[in-house]
Ligand code: F58
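Residue numbers (full-length UniProt numbering): 50 to 885.
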């Protein structure tokens, strides 16, 4: 083994001198001050909050790195199977608070910072979010990393180190404006690994020859080389020394590539330009969610990251000197959506072209290594790449994809000789003009398991987009792992008071690692004191959000009002338009009332937040309408506290930590059958809020777990959506009466020039693809039911406490255990304190 090769004297010396991390206030202060003075070159007279943050973060990073080293050494020595999670997105948010809580030294740091004259909350607030993702898919990857480490699984994440994460959203005159988010100017959480580089090839051509045994060999040559540099981010587990690794790749011009020819002939500018071109590969995260645009640079990103990661994994495997057939016993690779699908032909290429394995042996290794997670049923989000583009960029991979397809189609033909149409339906190559590679099909063919992310979603993909593949491979290849969230960040960190209250009843914080223990607080649902404490915490969290809203928008909202929140990416299928039309409907109703009647109404604050993809016109219209409605309603003296409409700018992970604990109601109202799972629904309920939602995604399982009395469901069911759409095309759209009044108000210019919103109303009138009209009445009625229910605060508290108590299923820890058992076949591995 690797361990046996290290001489004993070396081991002794290391044991004696290895660094130890701080664990008390004195040592924390020493570490922080040393970093402030030396790493940051500041001192007592100019140590501001930024420096205090820097010193604290670096002190904690040191601690994490010591555990990281131990963990990596221990995993390498133990020689067990590892998981690699390939994701183009990791929406990590802030790291310091998480590190302090996971290591268990937040109180120590708080006291130390107080000695230096700083408040913990201010210091935490300095950190910028690591926003390397769009939405749910990226945040899921971040929650999974937290669970993998917390449960002691040997696991690495692989991603791209974008120079610009998701853009910063500014609202100017009610419109979204995108501002680049240059987040790397001070990032203490990453370690550049200057020694870990991989050269990645693009373009070029394939040369064939026969070797001495007459076997045809393919060589991919004369391409352009770009270097991948590794940056490591430590991922601490909660209450365990296990510290896993997130490796992010950054692109650079290959060192040997500087074109001296050009340089000497005076084309200096051109050669610098070429260098910069290489760096653009990892420059920016594509800000589209649920839409595939097929840009060449995106494909380059995908290959660059897959190839670097696989090279790294293979290099580590080869060090173990094991036989190739052991590869799937040592390594599980999970593909987070189809974005890393090129890893499949890339591993096949490495095994066949570089390592000389025969096709079938290599292919069985590939299939047994990969698992694929699907996150959408919507056709426009399924990735396809044009054959000419792949041919140009990755000529050898195109050949391999064609060969994979050939073997696959031959198998299909043998199994279903009578079904000729089947071949064209399931072919990895779509016979369009130009031909397209269907990445989801390639991912299915190249993986041993395919999973959806909630029960309804996993059922839907088996009966719609992947139906033929179930026939071909059988049911067993397809499975479900319902999404979950990490309770460390989404309860303990975001809502420390609620976490503390729960701990006081359960006799400690064990529930943070076994969330099913929450069921024990059901016993307190009718306990007066507990209810009061629970209610006070919610009120304090709403006050915290109200303060934030006042500071950022200038609008005062009353924490006693019902807080109704919808925060997520803006998308027609998520139906923020249904929400804002409902708000207008409410406003019109309030305006029609006498002041006495109005006083009797349940006051409400409607809060929206979320980014629109920069090129998504309709989503931007929705943002504009929300802001214009807010402008009118919030300044209407007749309305006062009865209704306020807020748009929170630049919604991100750290803002969600303030928002999720402050809801009474949150909205998860996608057209049935469109939201694969949703995960913010879980965050809101875990924090003591109820849901208004459709029978979609994980809402269905949330209902099953918490009980249908504790959720407000409405709207058409997934199984009926197709029929209603069909009706729309043949009989036209029936516009709901109440909705018509809303449209009339918009057209009257009540919220500014109505042309601005005509696209929004027209799409409902003309097609209503998302069933806004068909679900409008049920939506408004359900909102009225909510108003009534909220008035009975005791009954409301009963519901919310029961709901929290029954959320144990939705921890990401449960997801990881299901993946580990059903898909990866890996075991946890505890780190002994001495690292051996
Ligand atoms: C989301 N997908 C699903 N995609 O919409 C959501 O229901 C689910 O809970 C979540 O994944 C986790 O499973 C999603 O966020 C993207 O943002 C992609 C980004 C890259 C382009 C394609 C969409």
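Here a beta-carbon is modelled for each residue, glycine too, at the ideal position from N, C-alpha and C.
Quick one: is residue 485 buried, meaning 16 or more other Cβ sit within 10 Å of its Cβ, or exposed? buried
I need the boundaries of the alpha helix (DSSP H) containing residue 154, first residue and last residue. Taken as a continuous stretch (DSSP letters only), residue 154 belongs to no alpha helix (DSSP H), as it is neither H nor E.
Could you check if residue 414 is buried or exposed, using at least 16 other CB atoms within 10 Å of its CB as the buried criterion? buried
Is the separation between the beta-carbon of residue 550 and that of residue 586 shorter than 9 Å? yes
Thinking residue 534 and residue 192 are a contact (beta carbons under 8 Å), I'd like their distance in whole angstroms, please. 5 Å
Return helix, strand or coil for residue 432, following the three-state DSSP convention. Assigned with DSSP and collapsed to three states, residue 432 falls in coil, not helix or strand.
Nearest to residue 87 (by Cα), restricted to the options 76, 77 and 100: 100
Burial state of residue 824, where buried means 16 or more other Cβ atoms lie within 10 Å: buried
Mind checking residue 434: buried by the 16 CB within 10 Å criterion, or exposed? buried
Residue burial classification, residue 57 (beta-carbon count within 10 angstroms, cutoff 16): With a threshold of 16 other beta carbon atoms within 10 Å, residue 57 falls short and is exposed.
Starting from residue 320 and walking both ways along the alpha helix (DSSP H), at which residues does that stretch end? 317-328
Cβ neighbours of residue 61 in the same chain (closer than 8 Å, five flanking residues each side left out): Result list for residue 61: empty, nothing under 8 Å.
Which same chain residues, not among the five before or five after residue 229, have their C-beta less than 7 Å away from its C-beta? 213 and 216
Quick one: complete alpha helix (DSSP H) runs, 4+ long, within the stretch 660-698? 666-683
Around the C-beta of residue 304, are 16 or more other C-beta atoms found within 10 angstroms, so that it is buried, or is it exposed? When all chains shown are included, residue 304 counts as exposed.
So residue 293 is in the beta strand (DSSP E); what residue range does that whole segment cover? 292-302
Buried or exposed for residue 59, going by 16 or more other Cβ atoms inside 10 Å? exposed
For residue 55, count the other beta carbons within 10 Å of its own beta carbon; 16 or more makes it buried, fewer makes it exposed. Which is it? exposed
Give the straight-line distance between the Cα atoms of residue 343 and residue 812, rounded to the nearest whole angstrom. 26 Å
From residue 544 to residue 560, what does the alpha carbon distance come to, in whole angstroms? 14 Å
Return the chain-ordered list of same chain residues with a C-beta closer than 7 Å to the C-beta of residue 878, the five sequence neighbours on each side being excluded. 124, 127, 129, 201 and 203
Inter-residue Cα distance where the pair is residue 245 and residue 363: 14 Å
Please confirm whether residue 678 and residue 792 have their CB atoms less than 9 Å apart. Between residue 678 and residue 792, the CB-CB gap reaches or exceeds 9 Å.
Just tell me which of 211, 707 and 221 has its CA closest to the CA of residue 239. 211
How is residue 832 classed by DSSP in three states: helix, strand or coil? DSSP places residue 832 in helix when its eight states are reduced to three.
Pick from 198, 186, 607 and 147: whose alpha carbon is nearest that of residue 173? 147
Which whole-angstrom value is the C-beta distance of residue 521 and residue 464, which I expect to be below 8 Å? Their Cβ separation, rounded to whole angstroms, is 7 Å, which keeps residue 521 and residue 464 in contact under 8 Å.
Exposed or buried, what is residue 610 when buried is set at 16 or more other beta-carbons lying within 10 Å of its beta-carbon? buried
With contact counted as at least three CB pairs below 8 Å, one residue from each stretch, are the stretch 282-300 and the stretch 262-273 in contact? no
In whole angstroms, give me the CA-to-CA distance for residue 492 and residue 387. 7 Å
Following the continuous alpha helix (DSSP H) through residue 471, name the residue where it begins and the one where it ends. 469-475
If residue 185 sits next to residue 631, beta carbons under 8 Å apart, how far is it from one beta carbon to the other, in whole angstroms? Not quite, the Cβ-Cβ distance comes to about 23 Å (not below 8 Å), so this is no contact.
Any contact of the stretch 866-873 with the stretch 765-785, i.e. 3+ C-beta pairs under 8 Å? no
Check: residue 5 C-beta below 8 Å from any heavy atom of the ligand F58: In this structure the chain extends from 50 to 885, so residue 5 is not present and cannot be described.
Output yes or no for whether 9 Å exceeds the beta carbon distance between residue 199 and residue 288. yes
Alpha helix (DSSP H) segments (min. 4 residues) lying fully within the stretch 572-605: 577-602
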